[in-house]
Amino acid sequence: MQPLVSILIPCYNAEPWLAETLESALAQTWQNLEIIVVDDGSSDRSLEIARRYESRGVKVFSQKNQGACAARNAAFRKSSGDYIQYLDADDLLTADKIEIQMAVLAENPNCVAACQWGIFYQDPSQAEFVPVPLWTDRDPVDWVTTAWENNWMMNPGVWLFPRAVAKAAGPWNESLPSNPDDDGEYFCRILLASSGIRFCQKAKAYYRTGISGSLSKQSSDRSKVSRFYSLEFCMKHLLAVENSPRTRKACANRFQRFFYEVYPSVPNICEQAERRVAQLGGSDVQPVIGAKLKPLCALLGWRKAKKVQQFVYELAQKRNSNASSQPSVARQPISTRAKTEEALS
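Just so it is clear: in the sequence shown, position 218 is 261 by my numbering, and no numbers are missing.
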């Protein structure tokens, strides 16, 4: 009999996309599946949509809003699969994705299967698949180090792994408030708990982007603090397995990029990130400066230019807030953040 694969779908306010994601899961050619949806207190019709699929075998659970990590942990506890596939409620898989990866994992016990992944906005047929050197078989430490050295990423949908690896790695870290790197911290542990990564060239996952309010779009101070602690955990996971010049440099590069991105907001976290870079031996990563910000950097230096950028953004936010509190008048809707970043990037 085929091993059972659990497709675990955390869901929060995914009404526009959930049905397409569930159809993608149900279309898998691998027959022995269980599909579990955990609705994390959605305020839209996500739970209602999920319930419609119960007649087709989808298991649906709901909980008060606790965050994506808690929803994923709840889904895992409800599951009984020999292999685990996490799938965000707005992403998609090709129909043969799991079947292709299971064939590879059958020959590679305790390994994690990866696959191609492409970014799309609305139409998955328009997805862009951009190969990177990570798209190959690798040792866990080598995979993680290479990813961090080059700022490459994978999304949750690409991975398929044995339940035994998930148990060895431990649950999703619910102490981390939602941030764009909560999956990075978890899958860092998954990969390091495995015997290796096996890349499946013919399997594909589709990553939807451009969604307002998604984790990848969050930039609040709380999210930035959470991201910093995600990096701290990741550093400890990697260095516990191999503490070498290369792994320390990879960790330093991650902290350096984070510092460049969030400075000058959350000063305490910026200071900690900068200290961590020094403790790890330094980084040669340089800031990425938009064309419109370069003249200001040349005049004031990178740090002062970033402070000016932050000041202008906050001023625009304040003006927008004040305007919204005034009696409404007919006007064109604008995105203050988008216009401010465009002007100073």
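Think of the CB as a built atom: it goes at the ideal place given N, C-alpha and C, for glycine as much as any other residue.
Please read all numbers here as calculations on a predicted model, not as lab measurements.
Nearest candidate by alpha-carbon position, reference residue 143, set 80, 121, 73, 327: Translated into positions along the sequence shown, residue 143 becomes position 100. Per the Cα distances, 73.
Proximity to residue 270 [Cα-Cα], best of 313, 99, 108: Translated into positions along the sequence shown, residue 270 becomes position 227. Ranking the options by Cα distance to residue 270, first place goes to 313.
Whole-angstrom distance between residue 235 and residue 211, CA atom to CA atom: Sequence index remark: in the sequence shown, residue 211 carries index 168 (1-based). Sequence index remark: in the sequence shown, residue 235 carries index 192 (1-based). The alpha-carbon atoms of residue 211 and residue 235 are separated by roughly 10 Å.
Continuous alpha helix (DSSP H) stretch holding residue 144: start and end: On the sequence shown, position 101 is the one that residue 144 refers to. Element bounds for residue 144: 140 to 149.
Beta-carbon proximity check, residue 310 vs residue 353, cutoff 8 Å: Sequence index remark: in the sequence shown, residue 310 carries index 267 (1-based). Sequence index remark: in the sequence shown, residue 353 carries index 310 (1-based). No, Cβ-Cβ distance for residue 310 and residue 353 is not below 8 Å.
Residues near residue 147 by beta carbon distance below 7 Å, same chain, minus five either side: As a position in the sequence shown, residue 147 is number 104, starting the count at 1. Closer than 7 Å at the Cβ level, and outside the excluded window around residue 147, lie 156, 241, 243.
Residue 158 - DSSP class collapsed to helix/strand/coil: Locating residue 158 in the sequence shown gives position 115, counting from the first residue. In this structure, residue 158 counts as strand in the three-state DSSP scheme.
Neighbour-count burial assignment, residue 122, 16 or more Cβ in a 10 Å radius: By 1-based counting over the sequence shown, the position of residue 122 is 79. It is buried - the Cβ of residue 122 has at least 16 other Cβ atoms within 10 Å.
The segment 177 to 188 contacting the segment 124 to 135, beta-carbon criterion three pairs below 8 Å: no
Collapsed DSSP secondary structure at residue 107 in the structure displayed: Mapped onto the sequence shown, residue 107 falls at position 64. Coil, per DSSP.
Contact check, residue 226 vs residue 199, beta carbons under 8 Å: Along the sequence shown, read from residue 1 onward, the residue named residue 226 stands at position 183. Along the sequence shown, read from residue 1 onward, the residue named residue 199 stands at position 156. Yes; because the gap between Cβ atoms is below 8 Å, this pair is in contact.
CB of residue 22 within 8 Å of CB of residue 345, strictly: The question about residue 22 has no answer, for the chain in this structure spans 44 to 388.
Which of helix, strand or coil DSSP assigns to residue 132: Taking the sequence shown and counting its residues from 1, one reaches residue 132 at position 89. It is coil, neither helix nor strand.
Touch test, the segment 170 to 182 against the segment 96 to 107, Cβ-Cβ under 8 Å, three pairs minimum: no
Residue of 84, 126, 326 minimising C-alpha distance to residue 110: Counted from its first residue, the sequence shown places residue 110 at position 67. The option with the nearest alpha carbon to residue 110 is 84.
Among 54, 339, 169, 209, nearest to residue 125 - alpha-carbon criterion: The sequence position of residue 125 within the sequence shown is 82, counting from 1. Selected option, being the one with the closest Cα: 209.
CA-to-CA distance, residue 358 to residue 231, given in whole angstroms: Indexing the sequence shown from 1 puts residue 231 at position 188. Indexing the sequence shown from 1 puts residue 358 at position 315. Distance between the alpha carbons of residue 231 and residue 358: 38 Å.
Short Cβ contact (8 Å threshold) for residue 92 with residue 51: Along the sequence shown, one-based indexing puts residue 92 at 49. Along the sequence shown, one-based indexing puts residue 51 at 8. The answer is no: Cβ separation not under 8 Å.
Close-in-space but distant-in-sequence residues of the same chain around residue 229 (CB under 6 Å, 5 per side omitted): As a working note, residue 229 is residue 186 in the sequence shown. So the list reads 215, once near-sequence residues are dropped.
Environment of residue 267 [buried if 16+ CB atoms lie within 10 Å]: The residue given as residue 267 occupies position 224 in the sequence shown. By the neighbour-count rule (16 or more Cβ atoms within 10 Å), residue 267 is buried.
Opposing strand residues paired with residue 83 [DSSP bridges]: Along the sequence shown, one-based indexing puts residue 83 at 40. DSSP, once it has assigned bridges, lists 106 as partnering residue 83.
Outcome for residue 278 when other beta-carbon atoms lying within 10 angstroms are tallied against a minimum of 16: As a working mapping, residue 278 is identified with position 235 in the sequence shown. Buried, because 16 or more other Cβ atoms sit within 10 Å of the Cβ of residue 278.
Per-residue DSSP class, three states only, for residue 335: Residue numbering aside, residue 335 sits at position 292 when the sequence shown is read from its first letter. Residue 335 falls in the coil class under three-state DSSP.
Spatial distance of residue 253 from residue 163 (CA atoms): The count along the sequence shown starts at 1 and reaches residue 253 at position 210. The count along the sequence shown starts at 1 and reaches residue 163 at position 120. Cα to Cα, residue 253 sits roughly 8 Å from residue 163.
Residue 317 versus residue 158: straight-line alpha-carbon distance, rounded: If you number the sequence shown from 1, residue 317 lands on position 274. If you number the sequence shown from 1, residue 158 lands on position 115. The straight-line gap from Cα to Cα measures roughly 34 Å.
For residue 295 and residue 326, believed in contact at Cβ under 8 Å, the rounded distance: Walking along the sequence shown from the start, residue 326 turns up at place 283. Walking along the sequence shown from the start, residue 295 turns up at place 252. So it is a contact: roughly 4 Å between Cβ atoms.
Euclidean distance between Cα positions of residue 54 and residue 201: The residue you call residue 54 lines up with position 11 of the sequence shown. The residue you call residue 201 lines up with position 158 of the sequence shown. Their backbone Cα atoms lie some 18 Å apart in a straight line.
Whole-Å CB distance - residue 195 paired with residue 297, under 8 Å assumed: Residue mapping note: residue 195 aligns to position 152 of the sequence shown, counting from 1. Residue mapping note: residue 297 aligns to position 254 of the sequence shown, counting from 1. Going by Cβ atoms, the distance from residue 195 to residue 297 rounds to 11 Å, so no, they are not a contact pair.
Cβ separation of residue 331 and residue 302, assumed to be a contact under 8 Å, to the nearest whole Å: Mapped onto the sequence shown, residue 331 falls at position 288. Mapped onto the sequence shown, residue 302 falls at position 259. So it is not a contact: roughly 12 Å between Cβ atoms.
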